[in-house]
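Worksheet: one structure, shown below.
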Amino acid sequence: MYLKQLFKYWTLQVIAPGKLLRLKYEAFKELLRHDKKSLELITDLEEILPQGFPVDWARVDSLVRALRWSVGALIRSLLAMHPTAYADLEEQFHRLESSLAQAVALPLEDSRPPYTLTMAEAAAAPELAGGKAHTLSLMLKEAGLPGPRGFVVTTQAFHLFLQHNRLRHRLDELLAHVCLDRGPRLEELAREMQAIILESEVPPQVQEDITRKLVDLQAEGAPGPWVARSSALSEDGAVSFAGQYASVLEGPGAGLFEAYKQVLASKYSSRAVAYRVRCGLADQETPMAVLFLEMIDAAVSGVVYTRDRKLSNGQEPCLAIYAVPGQGQHLVDGSTIPEIHYLTREPELQPVETISSPHCPLEPGGRGRVCLPAQTAGILAAWGLTLERLAGEPQDIEWCQDRNGMLFLLQSRPLRIGPDFEEDHWQPAQTPEIANPILLEGGVAASLGVGFGRVWVIHKEDELVGVPEGSVLVSPTLPPALARIIERLRAVVADEGSRASHFAAVAREYGLPVLVGTLEATRRLTSGRPVTVDAGRGRVYQGVVESLKEYAAQARARPETPFTTRLRALMEFITPLHLTDPTSPDFTAAHCQSLHDVVRFAHEKGMAEMFDLVGAGGRGLTRARKLATDLPLVMYVLDLDGGLAPEAPAGKTVAPRFIACEPMRACWEGLSHPDVVWQKGLIHLDWEEFDRVSGGLFSLSGKMLASYAVMSRHYLHLILRFGYHFAVLDTLCSEDPEANYIAFRFKGGGAGYENRLWRVRLIKSVLEWAGFTVKTRGDLLDARFDRREARHILSRLKLLGLLQGKTRLLDMALASGEQASKLADEFQESYAGYIQEQ
């Protein structure tokens, strides 16, 4: 392909330079298009990290793939302009691509067996069993505690499920559109992802393995029914995923496989996706295993926190047991107020306080309500400390008791304590003097802290979509779905709920103040009212309490995550710009250390190729037409595409009024300005070239010595030859400001070297005043004006035309540098209107 392109280039260069010129222009247009797209993609990537990564990693991967293609197309466009010059750039790009591929690499999706594990096997296979199943199996084994019988469907079965149904590509397409700042869109994407999971087939190999495990368990006396629980990799580990995934009870008939798919689908619920994205985990880093446990007919269920609040006497934090009648769903979903038993941790487990619940049954004789006898609470407390010692950190433990009084361990994970104990600065040591009225008092701090904002009351979960940024959310309960909008909240106040709910665990991870069990928050607080929530004191104040601001300001810094670590490594090969000076000897393809460098190099070299668009002697201008003008100026114009008006008559000449190229019209307006005095009889062409080659044999109106313009509707390449100096102008003036530019070069003159320098200094002064970046070396001047709106480009082109007309022979007349400076000042004063912002 390269040799074919090279042969074509050489052939056109010799036989049809005019066609080559047009091809070069088309390639340049493509180069500009890919340059713009590449820079936009780099900007999209740069904006992700400062925003706190509100997107899925699939978005990053999608942008990187698009950027690689765009930069590759940019290089191909540059090679089309000059195939022999930039082969080393393509080689450097491929090296960078290899580095990028390593930086974005995610865990391989292994779909080989085993597809199921026994509970005993799960203890030794964390990558296969996922967080919940592995930890439960390990704790049951090492602590010797009772738990339900069951088995695990592995993460590799999940990979096979995606592979079997060809879902990975489609999921990545949808995940690439996830942005936590766009709630309604997230809901739509989540519904679509869940639908394709539920519509898919459980692979036959997985079905067979599940069936075998059921037969084995039935032989052991465990006929079911079964509950399918999530056990994703990373769940119940460094991050909890508390309440984000589903637990599903087996239905009749083939319901076990449907329950399996429902748990897999819960991986793509809006709340689970939002939580995972906030934790900086890619979808591939959280493959879903499913834990099947026999269903326990629970009389009482609950949670043990092995380290809870400090006691009133200032002793160390105590241990808390939360209990509700029946299944524990209403406890963890924050929809009920539990019974709570507080016990000392050391040296003996002594009861400290019991807080009853209105939902617990009455004791015999009606003396009070109780879910959990003190003796059972003591057994659970002992379990808790045993599990804490094994894990080496405080534990959040789920348990239940069946109707025969048998206790079962259901789950154990690290307890997210939050700032309640470690950092006293989160709460004032003494209550400050507060004049603000108290709107609500009571309840329990599920997550300590102080928050300010306007109240937003909801009564059901589907109202979460409309919650605005900076709200104090007031809700009847504390559903896990609140995690979906946690970044919008400054505090949460709920009628029901407890510290043991799943959302409370998530809130403590984020340092969000949460006050629960207030009973009447939704009745007492009204939407729109500014309030201050002091969760630790159990109070909601009217307005902003100034004396509490310092406690609210101490938000917890988000830790480094896999997302941020991977993205920082990736961006080292994308965003740094090392090639900043096109005149430097290091401005080479070999010094491109990032894709940004490649884009900058290709852009600059593409501009340089266009700057040298026409060969010596006007090669490629065989189809050019002479500009019919009264000015003593020999100029030929070549229309590439739309540079001349359609109504322009055919012929070898064309009048200026038929010029449709906007940049050329602007330049011509300056050149033909009434203030420019043209000396009759003196034809302006390249006298130096004429002296060198003519011998009196060449026509003064020929193309070899003339000025010429190569133009389209928005593009102009203009070479002006005035006596013994020349000027080259290359410009694009389109609707896209980022693509627009003016590149201008000026050199030479018929006077002595010092006079030529005076004129260059005059031009430099005027152009810098007009906003150009100017560099000079001897009597050579290079100027740039780019990334501006079309109106500003056109005004500078008029100015350049006028400046060239008025200074074309000025080097002959200048007597001093002071005179040049004075003339520059006069020019600026006379034509200030050309550069005034409009």
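Numbering of the sequence shown is given in my numbering, commencing with residue -16 and proceeding in unit increments.
The beta carbon of each residue, even a glycine, is placed where N, CA and C say it ideally should be.
As the crow flies, the alpha-carbon of R254 is around 16 Å from that of G317. For T101, the uninterrupted beta strand (DSSP E) segment begins and ends at 99 to 101. DSSP, read as helix, strand or coil, puts D18 in helix. In the structure shown, G263 adopts coil according to DSSP, grouped into three states. Per DSSP, A753 lies in no beta strand (DSSP E) and is assigned neither H nor E.
Every beta strand (DSSP E) stretch that sits fully inside the segment 428 to 485 and reaches 3 residues is listed by chain position as 433 to 440, 454 to 458, 472 to 477. Secondary structure in the segment 91 to 164: the alpha helix (DSSP H) runs of 4 residues or longer, each lying completely within the stretch, are 102 to 105, 109 to 126, 138 to 147, 151 to 158 in chain order.
Contact check for T759 against V743 passes: the beta carbons are separated by less than 7 Å. Nearest in C-alpha terms to T137, of all of E175, S94, Q146, L128, is S94. The alpha-carbon of V185 is positioned some 32 Å away from that of P37.
Counting the other Cβ atoms within 10 Å of the Cβ of V499 gives 16 or more, which makes it buried. DSSP places L392 within a strand segment (E or B) once states are collapsed to three. Note that the segment 104 to 112 does not touch the segment 141 to 148; fewer than 3 beta-carbon pairs, one per stretch, sit closer than 8 Å.
A residue is called buried when at least 16 other Cβ atoms come within 10 angstroms of its Cβ; D765 meets this threshold and is buried. The three-state reading of DSSP puts C383 in strand, counting E and B together.
The alpha-carbon of L393 is positioned some 17 Å away from that of E233. Per DSSP, S813 is one residue of the alpha helix (DSSP H) stretching across 800 to 813. For T790, the enclosing alpha helix (DSSP H) begins and ends at 773 to 790. A straight line joining the alpha-carbon of P300 with that of T289 spans about 9 Å. Ranked by Cα distance from S804, the options R467, N738, T547, A108 are led by N738. When the beta-carbon positions are compared, V210 and L276 come within less than 7 Å of each other.
Here V528 has I417, N419, T515 as same chain residues with Cβ atoms under 7 Å from its own Cβ, once five neighbours each way along the sequence are excluded. In the three-state scheme derived from DSSP, where H, G and I count as helix and E and B as strand, Y534 is classed as helix. Here I468 is buried, its C-beta having at least 16 other C-beta atoms within 10 Å. Proximity of the segment 772 to 791 to the segment 705 to 720 meets the contact definition, three or more beta-carbon pairs being nearer than 8 Å. Secondary structure at D44: helix, using DSSP grouped into helix, strand and coil.
Here E587 carries a helix assignment [DSSP, helix/strand/coil]. In the three-state DSSP reduction, H697 falls in the coil class, being neither helix nor strand. For R212, the enclosing beta strand (DSSP E) stretches over residues 209 to 215.
For the set R774, T547, G519, the Cα lying nearest the Cα of N723 is the one of R774. Scanning A710, A734, A807 for the CA closest to the CA of L763 turns up A710.
For V246, the enclosing alpha helix (DSSP H) begins and ends at 238 to 249. For V315, the enclosing alpha helix (DSSP H) has its first and last residue at 312 to 315. In this model, E371 and P377 are separated by some 5 Å (Cα to Cα). DSSP, reduced to helix, strand and coil, places V87 outside both helices and strands of the structure shown, so it counts as coil. Buried is the label assigned to V307, since at least 16 other Cβ atoms lie within 10 Å of its Cβ.
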